[in-house]
Amino acid sequence: MARYAPYLAPERTDFSGLKDFLEARYLQAQDHVWALREDPGYFEEVVYQYADHRPEGLLDSANKHHPNYKKPTFWRATLATVVSEAYHSVIVWHVLVKQAKRVVALQEEHASALDAGHKLPPTYKRELQLFKTLLLYVSQVPRKKLKHMLPAAPQFRKFWELAELGNGQRVMRFRDGMDRENDPLLRAYFKLRNDEDCIRFGYKDLVDEMERVVFAQSEQVKRITPWIAEHFSDLGLSVLAMHGINNYFPLAADFVSSKLADMEEFYPQNFSDWQEFVEKVPSFTFHTVGTPSLVDFSYPCDQRQSRKNAIAMWKAERNLDIFWKEVDRQYEEKMGRTLDKAFAYRFSAKHELERTPEWIEPLEDMFMENKGKQKANPKSKDLGKAQSDFKLEDKNSSIKIVIDEVGVDDIVSDLSQENPSNGKRPIKASIKLDQTAFRAFKALFYTPLELDRPGNMAWKDFLHFMSAMRFSPFKLYGSSWHFEHSEVRSIQFHEPLPSSTVSLRAAMRMGQRLKRTYKWHPDMFEKDSAASSSS
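Counting in numbering that gives the first Met the number 0, the sequence shown runs from 0 upward without gaps.
Written out as structure tokens, the structure reads:
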């Protein structure tokens, strides 16, 4: 936690640094929504993750599941949660980023007038107080999710059971005879979910304890699912930002203690669109077009390109498009506009879906000589390149190559800008990577046209690759890592837990985010033969 010290020093809290954390998380929330709409495989994984953490998965005292478990009602609720929480995440981080920007602007405006012996300017104080209140509200979102859904995770189901109430409802109850005091993870979890303990010890200390006894211990990390890690990361980030405001001392000494009740004043102006959505969610019924066991979302994007795989990808993409069209149709029917249009202003950019292009047969089946129809026989090593060239000419191709006319030294900073259209022939600038960074690159930017299919990517290799691109990686809470650069915007990724090994498919998704954020593309990189030979 020593890495946070520059942001949390008394009287010198760097709100610009905190804003950078929040903005990177906001962009990650956007990418999550876009991936849910674009990538059938990702959509399927997320739906199953949410399904695995629903309380219906627990057994009762008779070792029976909830009557709705894996039934249409179960999938209806699961899919509604996936959609609503994805957009809610964009909204809350968008609100926080806007508020953080206001605080940073006021901090700069009043920089010369700030003095430890005087009170804060009223406007600045009010915006800081609102910032803290918003952070408190946002911190409760992942905290409540962990409170209600961690017990249903497969690794923890043995500790809880569903207890039936007299009115037919069921509640989760810790099983009799189970020891939670000698289990460091459960001990930290019960403190974090208890409101009195949060007031007594403070959110920051309890979050730090969870990080120390769980995420810093390999034997405990094995029990954590990616879903749990990601939501704990959100809790940690919001608590970290609150701690930064609390340490703005003594300038903030006269702050009124923030309470959730304070949100009543600010909620309508910041979350009115979300409130409308929440009221309509229970009436949504799109499980018939989104349940993975009923609809095929198999998406072999990481497999060698073939007609069979292309057809499978088209089918999965079509099914995903049908699902989202139904979501938008039902939302428009109830609200007068589609879900996408309703929340478009919450996104920092517009994203066009990429889809698998039309299949092109191998060249030896395409080139014929006159009426004899003799097949051309290009060398196999040139075949992939030839196919790639054909696909780049296809207007519907999802493969977009962006080549900047820049030098190697300036490549990173210029990659966040649009490709220059000055009429000059673009120059292919290249970045030389050592063997470890290049190994990560091969997974991140793998395309099915390549004959050499890479394996899974080690997380340490990804950290090395980002360091080679002059990013400073450091770990936040849970599984979240923040990558900071002096010239371009920051970005955050989740380390896969517990294995710290990124599957090829997940690595390709990370590569897509890097392409979208920094305009990186495969032609930019090459292996540094000198570095490889010296090693």
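Ideal Cβ placement from N, Cα and C applies to all residues, glycine included.
Look at F482 here: in three-state DSSP terms it is strand.
In this structure, R469 keeps its C-beta atom at 8 Å or more from the C-beta atom of D30. In the same chain as K324, and ignoring 5 residues on each side of it, no C-beta atom comes closer than 7 Å to its own. Taken in chain order, the complete alpha helix (DSSP H) segments of 4 residues or longer contained in the stretch 39 to 97 are 39 to 51. In the DSSP assignment, R169 falls within the beta strand (DSSP E) that extends over R169 to F173.
Unbroken beta strand (DSSP E) runs of no fewer than 3 residues, entirely contained in the stretch 429 to 489, are found at 430 to 432, 471 to 474 and 479 to 483, following chain order. Taking the CA atoms as reference points, E264 sits about 18 Å from A99. Relative to Y68, the option among E55, D460 and I310 whose CA is nearest is E55.
Collapsing the DSSP output to three states places K221 in coil. Residue pairing of A162 in beta bridges, as defined by DSSP: V170. Per DSSP, the unbroken alpha helix (DSSP H) holding E37 starts and ends at F14 to E37. Taking all protein chains shown into account, E44 has 16 or more neighbouring C-beta atoms within 10 Å of its C-beta and is therefore buried.
Per DSSP, reduced to three states, the secondary structure at H493 is strand. The three-state reading of DSSP puts K100 in helix, counting H, G and I together. Taking the Cβ atoms as the reference, D272 lies roughly 6 Å from A341, within the contact range of under 8 Å. A distance below 8 Å separates the beta carbons of R504 and C300. Take the alpha-carbon of A215 and the one of L149: they are about 19 Å apart. Only residues of its own chain outside the window of five on either side were considered, and among them V89, W92, H93, L95, V96 and S347 have a CB closer than 8 Å to the CB of Y25, listed in chain order. A distance of 8 Å or more separates the beta carbons of R172 and F158. A distance of 8 Å or more separates the beta carbons of K190 and D182. In terms of Cα proximity to D207, the closest of S237, V137, E218 and Q128 is S237. DSSP places F155 outside both helix and strand once states are collapsed to three, so it counts as coil. According to the DSSP assignment, E351 belongs to no alpha helix (DSSP H), since it is labelled neither H nor E. With fewer than 16 neighbouring CB atoms inside 10 Å of its own CB, K63 falls in the exposed class. The beta carbon of A436 sits closer than 7 Å to the beta carbons of H463, F464 and A467 from its chain, once the five residues preceding and following it are set aside; these are given in chain order.
Of all alpha-carbon atoms in Y476, A343, F524 and W480, the one lying nearest the alpha-carbon of L432 is that of F524.
Judged by their CB atoms, M507 and Y445 are nearer to each other than the 8 Å cut-off. Counted as a single uninterrupted DSSP element, the beta strand (DSSP E) harbouring E525 occupies residues F524 to K526.
Rounded to whole angstroms, the Cβ separation of K131 and M241 is 6 Å, and the two are in contact under 8 Å.
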